[in-house]
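Numbering (my numbering), first residue to last: 5 to 1145. Glycine included, each C-beta is placed from N, C-alpha and C at the ideal position. Predicted model only: the values in this text are computed from it and were never measured. I have placed the structure first, in the form of C-alpha cells, so that the comments after it can refer back to it.
In C-alpha cells, the structure reads:
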C-alpha cells in the first residue's frame, strides 16, 4: 500500500523536492509504478495531487510539466494552483485563502552556476484563478549573443525557503540557442509527414548538450522517401504541435559532385556549435550554428576507401558536454568508426575530429615499423576531456580491451598512459562505450555492462546479459538515470555510478526511440499516422510503453540466514561443492543486488546493504548483509515436525556437520521430512547450518555459515532452535526485487541545481557538503558504514581532502575541501554516489564539477571617484559642489594630443567616431598616417556603426569609436585615487591588495602623469623581479594615487600581473583634464633675456679680440695706480770707521 503524507518541514535541496514524502509499507512497488505511469516520471519528485501549473502566454500550456520560454521581451509567467480531480470552484477558494493570508508563490531560476529568486504579486486575477509575474529580461541575463547557453531550471513553491507544493520546470532562451536561429531546410507540411510515417524504418534522436529540451529527430525511411528529413522541437515533445519538420536533401546534395540519388539518413549528432549528419553518402558537418545565414550549408568529411554500405553500418561517438562559457581547456570531440577490418586503401577504420570538425585524424597513432603490430579493430573511441586522454575500446580475435593514451595537441601519444584493461573471456561481444553526460562515469556495453570511474584504468561489472546484449544507452544528466536497451528491446534502468540495475520490461512498439528531457523525464517516442501530429509519446515506465516485469533478480539457489542482531541478517548463498566453476557466477550474490529488497514468499523482507565474498567458507562463496524491515516467518512444527525434537551437532567429514535428531522431553521422536532439505537451522548465538543431505530421516549433513561458532556435542531442546525456509529445492521461496528509495540526499549549495559547477582560482579553496538522510524503519539499526562513494575524475588537478561523520539524527555527512595550489588549469568532476541507493530513487548521485580557472562571474573593476547617474550621462550635465560640470562631450572624431603638441595626435584611437564628418587635427603628416576606426570601419556614417548604449558608455579601448562622453576634471588633477575591487564568485566585493600587483599604462602613449604608491618591504623583491621581466613599472594596487599635469583626454589601462590568479584582470578609465590655465611667460622671458645677454657678451668679446682692442689695459693701469703705496725713497749713507796702523 502506498501512503502519501504531508510533512511541514524544510528539507532543503533534497532528492524529493516536494513537501510530500512516501511512507511505505510492504509491496508498495506496484503502486509506485502506477503513480509513475500516471504522472510520467517518478512520484518521489513530489506530490502530484497538488502542484503548480505554469506557462508563458502564447506558448505551451500543459498540466503535465512546466516549460517556459524567454524571448527578447520580458518573461511573463502565469501560474495556476492545480488540484487533480477537483473542479475549479474549490481551486478558486484555495487561491483566495492563500491570498488572504499573504501567501504568493516564489519563482526560482537556476542553473549550474546561478540562481535568482523572484516573487509573484500578492494580488491575483480572481477571474482566472491564477498568479502572474513579469520579469525583465535584463534581470535574468544581459546577453543576447547567439551561443550555447544552459537551459535554466525553474522551481515554483508556495513559500520561499520551504518546499511547499514545489514544482519543477525549465526555462529556455529562444534568442540565444544556436540551432533555433536557423531554417534547417525546406519545410515539410504536417500532411506530408503523416504520409511518410508508414515508410519509416527507424528513428534517431539527438539532444542539444546545453538544452536537452531542444531535440533533433531524424527518420530513416525506405526507398519510397529518399533523403534527409529532420524534426526540431523546443519543448522536449511536450507540445504536440511543436515539432517542425524539414527536408535537408538539397542542403546535402549541393555539397556533392557526384550523383545524389538513392541515399538515406543514418544518424544525427547535435554538438555545441554544429549539426552533424551521417548518411549513406558520407558524414556531413554544418556551418557554425552561432552565425546564422539564410541557408544552412554543410561540408563533407572525406574518408577514402569506404562505400555506401560502410556508412550505413558506421557509428558516431560523442561525449556530451555543455560548453557554456567555454574555457581554453574544453573542446568538443566526435569520432566515427566503421564496422569492418582495415584494408590497404583505407588509412583507418576510426577517425576523430575536434570543433570545428574540419580536420579528421585516424584514431590510432602511427606505430613505428620496428614495433609489433597487433591486428585489432577500434569498436569505439572517446576523448576524456578531464584527463585529456583518448580512450579506445578494442577488439581482437581473442579478447576485448580498453586502451588509454594521453593527448598532446589533440593527437594521441604512441605510448599508453597505463596498461590496457583486458576484459574476461565471457565478455565476447562489445558494442559500444559512452560517458555519462557531465560526469566521469565510463560505461562499456555489449553482452555485459562494465563501469569505470577512473578514466578507463579499471572496470567493474554492472550486469550480465549473455543472451540479450545491450545495443544502446540513454542518459539524463539531471536525474542521473541510465537506460540500457537490449537487442530484444529490453529496458534496464540504472543510476550513474551505481553497480546495479532494474529490468523494467520490453518496449511494445516496433519503431521507437527513448528520450530524457531536461528535467529527467523518460519518454518513449514513436510515430503514429493515426494521430494528427504524427508523434506519440508515452512515459517510459508506463504499461502502455513496456511489458510488465516484476524485476526479480534472484538466482536459483538456497540461502542460509545468519542473525547478527534482531534487525541484521547475513544471507549466505549456497553453491554445491560439486558444482562446476563455470556456473558459480549464476549462484552468487553480486553488487547488482545492493540496494534491492530480499523478500520471502511467505512474509518478511530485508534491505540488502552490502555484498561480501569469501573463500574460506566452503559452500558459501558469497553473502549479503541485510537490514530487516519486516521479520521473516519461522517454520512451525505443523510444516516441519522435526522442530519438536532435540538436536545435537557432530563434526563430520570436512566441511560437513552431522545433525542428529533425539527424543524430546515427552519421549517422542519427530523425523525430518523430505521438504526440509536445504532449510536452515538457526540457533541464537551460534552458527547457522544449512541442511544439504539426509543420511536418514534422523540424521542430516549440513554446512555451517560460521564454522568457528558451531556448538559441537551440545543438546538443543525443542524451542531452543529454529528452522527457516529460504530453499529453492522444490519451490521458489525468496526473491530479490527493487525497493523504493530509502534515503534522501541533499547538498549545501542551495543556490544552484543538482549538477554544480564551481570555479576555483589559484590559491583559493572551496568546501562542499553532502548529507544522506536514511529512511529506515525506527526499529532498524543503522549499520555504521559509509553511505557514499566519492569519485574524482582528475585527482592530481588540485588538493582534495574529505571528512565524513554521522550526526545525531543518524544522517551521514561528507565534506570535501578542494585547495587549488598548483599553477595548472583544467577541470575535474567529483561524484557523490549513494552506493546503497535503489534505482527507484529520483536522486542518488550528485556531481560537482570543479574548474581550475577564472570564473566568468569574477572580475575586477575600478571604483569611480564621482558617481554619476545614467540620466546625467545622457543629458551630459553633472555639476559638483563648486558648479563644475563633471561630464565632457567629446567632439566628433576626437583624438588626444601627443608629446609633439596638441594639434599633432599620433594615436590610432578615435573617440566619438563619425565617418561622415571631417577629422580634426589632421594637418600634419604624422597625424594623417595614424588613426583607425574599429566599430566604424568601412562605415559611411555613425548610425551604421551600430553602437549600443553599453558601448557608448564603455571605457574599453575596443569601443572608443562609440564613446561620446567622458569624466571631466579641472586642472590640475592631483592625488586621484585608483581604487580597485574584485567581485568574486559569491558576488562579494573585495578590496584588491597584495600579493596582487598591477601595471598602469596610458593607451595613447601620453606623458605628464605619475603614480604614487606604497610598496611593502615584503613585496619589493617580487616587484623588482617582475619589472625585470616585463620592462614596465609595477605598482601595489592598494592606495594608488594618480596625478596629471597635462591637458585633455587621458585613457588609462590597469592590468593585474599574472601568476597570482588565472583571471585576465584589467580595467580602463578615462579622465578629461580641462580648464588648463595659459602658461605664465616668465620662463620664456627669462630664457630669452639670458640668451641675449650671453650672446651680446660673446659678440663684444669677439669684436675686441678681432681688432686687438686692449680694453682691459686702461682699467688695469687704473687699478694698479690706485693700489701703489705713497712713500719716498731717501738715500742712506753708510759711514764706516777706518783704522790705521
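What did DSSP end up calling residue 1157 once you bin it into helix, strand or coil?
As displayed, the chain neither begins before 5 nor continues past 1145, which places residue 1157 out of reach and without an answer.
Should residue 470 and residue 450 be called a contact, given that it needs their Cβ atoms to be closer than 8 Å?
No.
Is it buried or exposed for residue 43, if we count other Cβ within 10 angstroms and need 16 for buried?
Residue placement at residue 43 cannot be trusted, given a pLDDT of 39 that sits under 50; what the coordinates show is reported in the next sentence. That one is buried.
What is the DSSP secondary structure of residue 323, counted as helix, strand or coil?
Residue 323: coil per DSSP, three-state reduction.
So what does DSSP say about residue 729, is it helix, strand or coil?
Three-state DSSP puts residue 729 in coil, outside helix and strand.
Buried or exposed for residue 46, please, with buried defined as at least 16 other CB atoms from any protein chain shown within 10 angstroms of its CB.
Any answer about residue 46 is weak, because its pLDDT of 40 lies below 50 and its placement is not dependable; what the coordinates show is given next. Classification of residue 46: buried, given that the 10 Å Cβ count is 16 or more.
Among 121, 848, 277, 271, which has the Cα closest to the Cα of residue 484?
For residue 484, the nearest C-alpha among the options comes from 848.
Measure the Cβ-Cβ separation of residue 284 and residue 312 and say whether it is below 8 Å.
Contact flag set, yes.
How many angstroms separate the CA atom of residue 1170 from the CA atom of residue 856?
This structure cannot settle anything about residue 1170, because the visible part of the chain is limited to 5 through 1145.
Indicate whether the contact test is met: 3 or more Cβ pairs, each with one atom in the stretch 873–885 and one in the stretch 1087–1106, closer than 8 Å.
Verdict: no, contact absent.
Just to confirm my understanding: we take residue 3, look at its own chain, exclude 5 residues before and 5 after, and list those with CB closer than 8 Å. What are they?
Any question about residue 3 goes unanswered here, given that the chain covers just 5 to 1145.
Suppose you measure from the CA of residue 731 to the CA of residue 487; what does that come to, to the nearest Å?
Between residue 731 and residue 487, the C-alpha separation is close to 33 Å.
So for residue 931, helix, strand or coil by DSSP?
Residue 931: helix per DSSP, three-state reduction.
Quick one, which of 710, 651, 687 has its alpha-carbon nearest residue 659's?
When each option's Cα is compared against that of residue 659, the closest is 710.
Would you decide whether residue 308 is buried or exposed? Buried here means 16 or more other CB atoms lie within 10 Å of its CB.
It is exposed - the Cβ of residue 308 has fewer than 16 other Cβ atoms within 10 Å.
When the Cα of residue 616 is compared with those of 559, 69, 404, 625, which residue comes out closest?
Selected option, being the one with the closest Cα: 625.
Please specify which runs of the alpha helix (DSSP H), each continuous and at least 4 residues long, are wholly inside the stretch 378–427, giving them in chain order.
Counting whole runs of 4 or more residues, the stretch 378–427 contains no alpha helix (DSSP H) stretch at all.
Assuming contact is defined by CB atoms lying nearer than 8 Å, are residue 397 and residue 383 in contact in what I supplied?
Yes; because the gap between Cβ atoms is below 8 Å, this pair is in contact.
Keeping to the same chain, check which residues put their C-beta closer than 6 Å to that of residue 257; ignore five residues upstream and five downstream.
If we look at residue 257 and ignore the five residues flanking it on each side, its Cβ neighbours are 264.
Got a sec, what are the start and stop residues for the alpha helix (DSSP H) residue 315 sits in?
First-last of the alpha helix (DSSP H) with residue 315: 312–317.
Quick check: what's the CA-CA separation for residue 242 versus residue 159?
Approximately 18 Å, taken between the alpha carbons.
DSSP three-state call for residue 894: helix, strand or coil?
It is coil, neither helix nor strand.
In the DSSP assignment, what residue or residues form a beta bridge with residue 564?
In the DSSP output, where bridge partners are listed per residue, residue 564 has 576.
Would you please state the rounded distance, in angstroms, between the beta carbons of residue 1008 and residue 994? I believe it to be under 8 Å.
About 31 Å separates the two Cβ atoms, so there is no contact after all.
Along the chain, where does the alpha helix (DSSP H) that runs through residue 199 open and close?
It spans 194–200 - the alpha helix (DSSP H) in which residue 199 sits, taken as one unbroken run.
List the endpoints of the continuous alpha helix (DSSP H) containing residue 695.
It is not in any alpha helix (DSSP H) - residue 695 instead sits in the beta strand (DSSP E) that spans 693–700.
Near residue 245, which residues of its chain fall below 6 Å by C-beta distance, leaving aside the five closest residues on each side in sequence?
The residues are 537.
Between the Cα of residue 231 and those of 1003, 728, 268, 202, spot the shortest distance and give me the residue it belongs to.
When each option's Cα is compared against that of residue 231, the closest is 268.
In the DSSP assignment, what are the bridge partners of residue 479?
Per DSSP, 486.
Cα separation between residue 1108 and residue 933?
The alpha-carbon atoms of residue 1108 and residue 933 are separated by roughly 53 Å.
Give me, in chain order, the residues of the same chain whose beta-carbon lies closer than 8 Å to that of residue 668; leave out the 5 immediate sequence neighbours on both sides.
Hits under 8 Å: 648, 649, 650, 674, 721, 722.
With burial defined as no fewer than 16 other Cβ atoms inside 10 Å of the residue's Cβ, what is the status of residue 388: buried or exposed?
With 16 or more other Cβ atoms within 10 Å, it is buried.
Within a Cβ cutoff of 6 Å, which residues of the same chain sit near residue 622, ignoring the five residues on either side of it in sequence?
These residues qualify, in order along the chain: 659.
In angstroms with no decimal places, state the Cα-to-Cα distance between residue 1049 and residue 867.
So the alpha carbons of these two residues sit roughly 22 Å apart.
Within its chain, find whatever has a CB closer than 6 Å to the CB of residue 936; leave out the 5 residues flanking it on each side and keep chain order.
These residues qualify, in order along the chain: 912.
With DSSP collapsed to three states, give me the class of residue 91.
Model confidence at residue 91 stands at a pLDDT of 48, short of 50, so the residue's coordinates are unreliable; what they give is reported in the following sentence. Looking at residue 91 - three-state DSSP - the assignment turns out to be coil, as it is neither helix nor strand.
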